[in-house]
Amino acid sequence: MIRDRLIPALMKGRRNGGPPTQHDVWLRDVAALPVRLLGLGIPKPTETADRDYKTSAAASEAITEAILRGEDIDADEHVKRGQKARAAHKEAVKEAVEKEWERLSSQSGQAASEDQYEEVRQSKEKRQSGWLTATPLKEHGMNLSPDEF
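If you use UniProt numbering, the sequence shown corresponds to residues 1 to 149, in order.
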C-alpha cells in the first residue's frame, strides 16, 4: 500500500495501478531514509519488524522475567536493560541506513534519471531537507500544535 499508492502520489510516480517498476521500488527505498539523507522517514514495517521486536523484547526482559517468577520488578534493572537495548538498536539502525544509502546511490543510474539522482545528491550535500522536521511554534506566529501541523 505504501509503495504502491502513497509514495507514487507523493513523488508523482506510477499511477496506472500496474506492477511496481524499478523506479517505484527505488523511490520507496529513498522515502524510507531519514530526512537527513533526503528521505521522508516513512518506515518499512515489513523490513524493520524483526529488529524492532527483538529490541522491544530485550528492553522489557527484566519486567517479563520478574512477572514470570512472581517477583517484584526491579525498576533500575529495567531502565538499564532498556537503555542498553535502545542504544544497540539505534546503532544498528544507523549502520543499516548508511548501507542502504550506499546501495541506493549505486543503483541510482539504473532506477532514477541522472537529473533526479543529481538533485537528491546535491540536496543531501546542502542539507536542504531540514524543513521536513520543522515544528510549528506559537512564538513564530503558527497557531497549530505540532500534532495538528
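Glycine included, every Cβ here is placed at the ideal spot set by N, Cα and C.
Practice task
Using three-state DSSP, classify Gly39 as helix, strand or coil.
Solution key: In the structure shown, Gly39 adopts coil according to DSSP, grouped into three states.
Practice task
Evaluate Phe149 with the Cβ neighbour count: other Cβ atoms within 10 Å of its Cβ, from every protein chain shown; 16 or more gives buried, anything less gives exposed.
Solution key: Low confidence applies here, because Phe149 scores a pLDDT of 49, under 50, leaving its location unreliable; read the following figure in that light. By the C-beta density criterion, Phe149 is exposed, having fewer than 16 other C-beta atoms within 10 angstroms.
Exercise for the section: With a threshold of 16 other CB atoms inside 10 Å of the CB of Ala9, please say whether the residue is buried or exposed. Expected result: Taking all protein chains in view, the Cβ of Ala9 is surrounded by fewer than 16 other Cβ atoms within 10 Å, so the residue is classified as exposed.
Handout entry: Buried versus exposed, by CB contacts within 10 Å (16 or more), Val30
Key = For Val30, the number of other beta carbons within 10 angstroms of its own is at least 16, and it is reported as buried.
Exercise for the section: Please check if any C-beta of chain B sits within less than 9 Å of the C-beta of Glu98. Expected result: In summary, chain B is missing from the structure at hand, where a single protein chain is found.
Practice task
For Ala57, collect the residues of the same chain with a Cβ closer than 7 Å to its Cβ; drop the 5 residues on either side in sequence, then sort them by chain order.
Solution key: Counting only residues of its own chain and dropping the five nearest sequence neighbours on each side, Ala57 has no CB closer than 7 Å to any other CB.
Exercise for the section: Excluding the 5 residues preceding and the 5 following Arg36 in the sequence, name in chain order all residues of the same chain whose CB lies nearer than 6 Å to its CB. Expected result: A distance below 6 Å between beta-carbons, with the five flanking residues on each side excluded, links Arg36 to no residue of its chain.
Exercise for the section: Take the Cβ of Arg28 as the centre, count every other Cβ of all protein chains shown within 10 Å, and call the residue buried at 16 or more, exposed below. Expected result: By the 10 Å Cβ count, Arg28 comes out buried.
Problem - Burial state of Gly39 (16 or more Cβ within 10 Å) - result: Counting Cβ neighbours within 10 Å, Gly39 comes out buried, since at least 16 surround it.
Problem - Span of the alpha helix (DSSP H), counted from its first residue to its last, around Arg69 - result: Segment 61-69, the alpha helix (DSSP H) holding Arg69.
Practice task
Could you name the residues of the same chain whose beta carbon sits closer than 7 Å to that of residue 159, not counting the 5 residues immediately before and after it, in chain order?
Solution key: There is simply no residue 159 to check, as the chain begins at 1 and stops at 149 in what is shown.
Exercise for the section: Measure the CB-CB distance between Asp74 and Ala87 and report whether it falls below 9 Å. Expected result: Against a cut-off of 9 Å, the Cβ pair of Ala87 and Asp74 comes out as no contact.
Exercise for the section: Helix, strand or coil for Leu33, going by three-state DSSP, please let me know. Expected result: Three-state DSSP puts Leu33 in coil, outside helix and strand.
Problem - Backbone CA spacing between Asp72 and Thr64 [nearest angstrom] - result: Computed Cα separation, rounded: 11 Å.
Exercise for the section: Please go through the same chain and pick out, in chain order, the residues whose beta-carbon is closer than 7 Å to the beta-carbon of Gly4, but skip the five residues on each side of it. Expected result: According to the sequence as given, residue 4 is Asp; it is not Gly. Correct list, in chain order: Pro20.
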